[in-house]
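S.K.: What follows is a single structure, and I will ask about it in a moment.
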Amino acid sequence: MTALTIVLVLVLLLVVFGLLFRLQILTSIFSGTFTRDIGMSNSVNAILMLVFMVFGGAWFAYSFVENFNKMNPPIASVHGHEMERMFWTTMAVIGVAFLITQALLFIYSYKYQYKEGRRAYFFAHNNKIEVIWTVIPAIVMAALIFAGWKAWTRITGPAPKESVVVEVMGKQFNWLVRYPGRDMKLGVVNYRMIDAVNEFGFDLSDNAALDDFTTNEIHVPKGVPVLIKIRSRDVLHAVYMPHFRVQMYAVPGMPTRFWFTPTMTTDEMRAKLGNPGFNYELACNQVCGGSHFAMKATVIVDEPDDYQNWYAAQESFAKKNPEVLAALKQKPAATVSQVAEPAEAKEAAPSPLAASY
Numbered sequence: 001m002t003a004l005t006i007v008l009v010l011v012l013l014l015v016v017f018g019l020l021f022r023l024q025i026l027t028s029i030f031s032g033t034f035t036r037d038i039g040m041s042n043s044v045n046a047i048l049m050l051v052f053m054v055f056g057g058a059w060f061a062y063s064f065v066e067n068f069n070k071m072n073p074p075i076a077s078v079h080g081h082e083m084e085r086m087f088w089t090t091m092a093v094i095g096v097a098f099l100i101t102q103a104l105l106f107i108y109s110y111k112y113q114y115k116e117g118r119r120a121y122f123f124a125h126n127n128k129i130e131v132i133w134t135v136i137p138a139i140v141m142a143a144l145i146f147a148g149w150k151a152w153t154r155i156t157g158p159a160p161k162e163s164v165v166v167e168v169m170g171k172q173f174n175w176l177v178r179y180p181g182r183d184m185k186l187g188v189v190n191y192r193m194i195d196a197v198n199e200f201g202f203d204l205s206d207n208a209a210l211d212d213f214t215t216n217e218i219h220v221p222k223g224v225p226v227l228i229k230i231r232s233r234d235v236l237h238a239v240y241m242p243h244f245r246v247q248m249y250a251v252p253g254m255p256t257r258f259w260f261t262p263t264m265t266t267d268e269m270r271a272k273l274g275n276p277g278f279n280y281e282l283a284c285n286q287v288c289g290g291s292h293f294a295m296k297a298t299v300i301v302d303e304p305d306d307y308q309n310w311y312a313a314q315e316s317f318a319k320k321n322p323e324v325l326a327a328l329k330q331k332p333a334a335t336v337s338q339v340a341e342p343a344e345a346k347e348a349a350p351s352p353l354a355a356s357y
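Throughout the sequence shown, residue numbering follows the UniProt record's numbering, covering 1 to 357 in sequence.
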């Protein structure tokens, strides 16, 4: 409390001194004794504006070129190329406008610096200029937004029927991953059934949930659409997979979705990068708590045959945890809370790839 009091006193003293200084200036103005001696400071500041523009722009250009590959990892999905084109188109439009306006800002600061005896020209209004700088940006922005809307509705809308379905659930501080079993339907989950073993909340009274299984890493097949169903168990998270250009929030109480088609296996990307230790990654890019840094999961893109072999080798959650199923049978029937939308469950019919599962 003492420290806070001292800080408040210092702030009040600064305010008082500032007001006294302004009062002195006003007094000298009214008395006619106030003079303003600009000297060289104005010219120096005007020159420094140009220097900052040149050297700041050069440093920005160097930093951009030097870190370009870090900001733009190789694309490994079909829709990623379209996302990249839209991104750089938007950046080009905004970048040109930024360069023009900032260059004019610094140049005008130098050209129209204060000089004794020079009067400013008062420009009240010009309808033609107003129309130009309103209509042109409106048309450009509308075109960019329309293109983005088309792409976004496509990749967040209904996925192809042959899609592989994966559900990820974010929680502090890791990702839970669930796959449908051989029936290719995700079973019902119930938040009341979540515990240390049943972290997903499987309701094994639903037959569709009996063959669902969980994994520590995400496997998807190359060249096959992948529908990711996304949920959060506690706070806001985000599913971010940079190489696939996938970004979608995981919102508590509101299931979201995103589908994409991988184009490069993990081994192919390792060969392309010359990095045998490379792995695709799912990361949370929304700060979700003290251990946010731990919100990562490995994504492995397999050849279709390898994916089928991996899938066939997985055991269901019910088989791995028979005690959960036994405990459920001893309880009276519970009211379940269906999280997956029925329409999506019907939509996820067995795919040609899954026919042999």
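Every residue, glycine too, gets a C-beta built ideally from N, C-alpha and C.
(1) In whole angstroms, what is the alpha-carbon distance linking residue 358 and Ala208?
(2) If we ignore side chains and look at the alpha-carbon of each, how far apart do Leu48 and Met269 end up?
(3) Considering Gly170, what are the terminal residues of the beta strand (DSSP E) in which it resides?
(4) Would you mind sorting Trp175 into buried or exposed? The rule is 16 or more other CB atoms within 10 Å of its CB.
(5) Is Asn198 buried or exposed, if buried means 16 or more other CB atoms sit within 10 Å of its CB?
(6) Tell me, which residues are paired with Phe213 by DSSP?
(7) Rounded to whole angstroms, what's the CA-CA distance from Asp302 to Pro252? Just pull it up for me.
(8) With H, G and I counted as helix, E and B as strand and the rest as coil, what does DSSP make of Ile75?
(9) My output table needs one value for Ile300: the three-state DSSP class, helix, strand or coil.
(10) Where are the alpha helix (DSSP H) runs, 4 residues long or more, that stay fully inside the segment 239-321, in chain order?
(11) Rounded to whole angstroms, what is the Cα-Cα separation between Tyr307 and Ala142?
(12) Are the segment 186-206 and the segment 130-139 in contact at 8 Å, needing three or more beta carbon pairs?
(13) Select from Arg182, Leu204, Gly181, Asp183 the residue whose C-alpha is nearest the C-alpha of Val189.
(14) Going straight from the alpha carbon of Val96 to that of Leu104, what length do you get?
(15) According to DSSP, simplified to helix, strand and coil, what is Asn126?
(16) Ends of the alpha helix (DSSP H) at Ile47?
(17) Ile218 bridges to which residues according to DSSP?
(18) Rounded to a whole number of angstroms, what is the C-alpha to C-alpha distance between Ala238 and Gln286?
(19) Which partner residues does Phe202 have in the DSSP bridge list?
(20) Return the Cβ separation of His292 and Phe98 in integer angstroms, given the expectation that the two are a contact with Cβ distance under 8 Å.
(21) Smallest Cα separation from Phe244: which of Thr263, Met254, Ile230?
(22) Helix, strand or coil for Ile132? Go by DSSP, reduced to three states.
(23) Using a Cβ-Cβ cut-off of 7 Å (strictly less than) and excluding sequence neighbours within five positions of residue 421, which residues of its own chain qualify?
(24) Taking 9 Å as the threshold (C-beta atoms), are Asn279 and Thr265 in contact?
(25) Measure the alpha-carbon distance for Ala334 versus Ile94 and round it to whole angstroms.
(26) Between Ala155 and the rest of its own chain, which residues show a CB-CB distance below 7 Å, the 5 nearest in sequence each way excluded?
(27) Give the DSSP-derived three-state secondary structure of Val324 in the structure shown.
(28) Residues in its own chain within less than 7 Å of Trp88 by CB, not counting five upstream and five downstream?
(29) DSSP on Lys115, reduced to helix/strand/coil?
(30) When you compare the CB positions of Val165 and Leu186, do they come within less than 9 Å of one another, or not?
(31) For the candidate residues Thr215, Asn42, Phe122, whose alpha-carbon lies nearest to that of Met167?
(32) Should Leu282 and Lys296 be called a contact, given that it needs their Cβ atoms to be closer than 9 Å?
(33) Since Val226 sits in a beta bridge, which residues does DSSP pair it with?
(34) Inspect the beta-carbon positions of Ala124 and Glu82 and report whether they are closer than 9 Å.
M.R.: Walking through what the data contain:
(1) Beyond the ends of the chain as shown, which are 1 and 357, falls residue 358; an answer cannot be given.
(2) Sequence index remark: in the sequence shown, residue 48 carries index 48 (1-based). Sequence index remark: in the sequence shown, residue 269 carries index 269 (1-based). Leu48 and Met269: Cα-Cα distance of roughly 47 Å.
(3) As a working note, residue 170 is residue 170 in the sequence shown. 164-171 is the span of the beta strand (DSSP E), which, as asked, contains Gly170.
(4) Position 175 of the sequence shown, counted from the first residue, corresponds to residue 175. By the neighbour-count rule (16 or more Cβ atoms within 10 Å), Trp175 is buried.
(5) Your numbering for residue 198 matches position 198 in the sequence shown. That one is buried.
(6) As a working mapping, residue 213 is identified with position 213 in the sequence shown. Tyr179, per the DSSP bridge assignment.
(7) On the sequence shown, residue 302 is found 302 positions in, with the first residue counted as 1. On the sequence shown, residue 252 is found 252 positions in, with the first residue counted as 1. So the two alpha carbons sit approximately 31 Å from each other.
(8) As a first step, residue 75 is located in the sequence shown; it is residue number 75 there, counting from the start. Note: Ile75 maps to coil in three-state DSSP.
(9) Here residue 300 refers to the residue found at position 300 when the sequence shown is read from its first residue. The answer is strand: DSSP assigns Ile300 an E or B state.
(10) 266-273, 304-312, 317-320
(11) Position 307 of the sequence shown, counted from the start, is the residue given in the question as residue 307. Position 142 of the sequence shown, counted from the start, is the residue given in the question as residue 142. About 42 Å.
(12) no
(13) Position 189 of the sequence shown, counted from the start, is the residue given in the question as residue 189. Residue Leu204 is the option with its Cα nearest to Val189.
(14) As a position in the sequence shown, residue 96 is number 96, starting the count at 1. As a position in the sequence shown, residue 104 is number 104, starting the count at 1. About 12 Å.
(15) Along the sequence shown, one-based indexing puts residue 126 at 126. DSSP places Asn126 in coil when its eight states are reduced to three.
(16) Counting from 1 along the sequence shown, the entry for residue 47 is found at position 47. First-last of the alpha helix (DSSP H) with Ile47: 41-66.
(17) On the sequence shown, position 218 is the one that residue 218 refers to. DSSP, once it has assigned bridges, lists Val299 as partnering Ile218.
(18) Translated into positions along the sequence shown, residue 238 becomes position 238. Translated into positions along the sequence shown, residue 286 becomes position 286. Roughly 6 Å separates the two Cα atoms.
(19) On the sequence shown, position 202 is the one that residue 202 refers to. Note: Phe202 sits in a beta bridge opposite Val189.
(20) Reading the sequence shown from its first residue, position 292 is the one you call residue 292. Reading the sequence shown from its first residue, position 98 is the one you call residue 98. About 31 Å; that fails the 8 Å criterion.
(21) Here residue 244 is taken as the residue at index 244 of the sequence shown, counted from 1. Among Thr263, Met254, Ile230, the Cα nearest to that of Phe244 belongs to Thr263.
(22) On the sequence shown, position 132 is the one that residue 132 refers to. Helix at Ile132.
(23) This structure gives no information on residue 421, because the portion of the chain shown stretches from 1 to 357.
(24) Reading the sequence shown from its first residue, position 265 is the one you call residue 265. Reading the sequence shown from its first residue, position 279 is the one you call residue 279. No, these two residues do not count as a Cβ contact at 9 Å.
(25) Within the sequence shown, residue 334 is the residue found at index 334, counting from 1. Within the sequence shown, residue 94 is the residue found at index 94, counting from 1. With a pLDDT of 46 at Ala334, under the threshold of 50, the predicted position of this residue should be treated as unreliable, and no value is reported.
(26) Here the question's residue 155 lines up with position 155 in the sequence shown. The displayed chain sequence assigns Ile, not Ala, to residue 155. Taken in chain order, the residues that qualify are His79, Phe258, Trp259, Phe260.
(27) Here the question's residue 324 lines up with position 324 in the sequence shown. Here Val324 sits in helix by DSSP.
(28) Mapped onto the sequence shown, residue 88 falls at position 88. Within the same chain, Trp88 has no close Cβ partners at all.
(29) The residue given as residue 115 occupies position 115 in the sequence shown. Coil.
(30) Within the sequence shown, residue 165 is the residue found at index 165, counting from 1. Within the sequence shown, residue 186 is the residue found at index 186, counting from 1. Yes; because the gap between Cβ atoms is below 9 Å, this pair is in contact.
(31) As a working mapping, residue 167 is identified with position 167 in the sequence shown. Met is not the amino acid found at residue 167; the sequence shown has Glu there. Among Thr215, Asn42, Phe122, the Cα nearest to that of Glu167 is on Thr215.
(32) Taking the first residue of the sequence shown as position 1, residue 282 is located at position 282. Taking the first residue of the sequence shown as position 1, residue 296 is located at position 296. In this structure, Lys296 lies closer than 9 Å to Leu282 by Cβ.
(33) Here residue 226 is taken as the residue at index 226 of the sequence shown, counted from 1. Its beta-bridge partners are Val164, Phe260.
(34) Translated into the one-based positions of the sequence shown, residue 124 becomes position 124. Translated into the one-based positions of the sequence shown, residue 82 becomes position 82. Contact flag unset, no.
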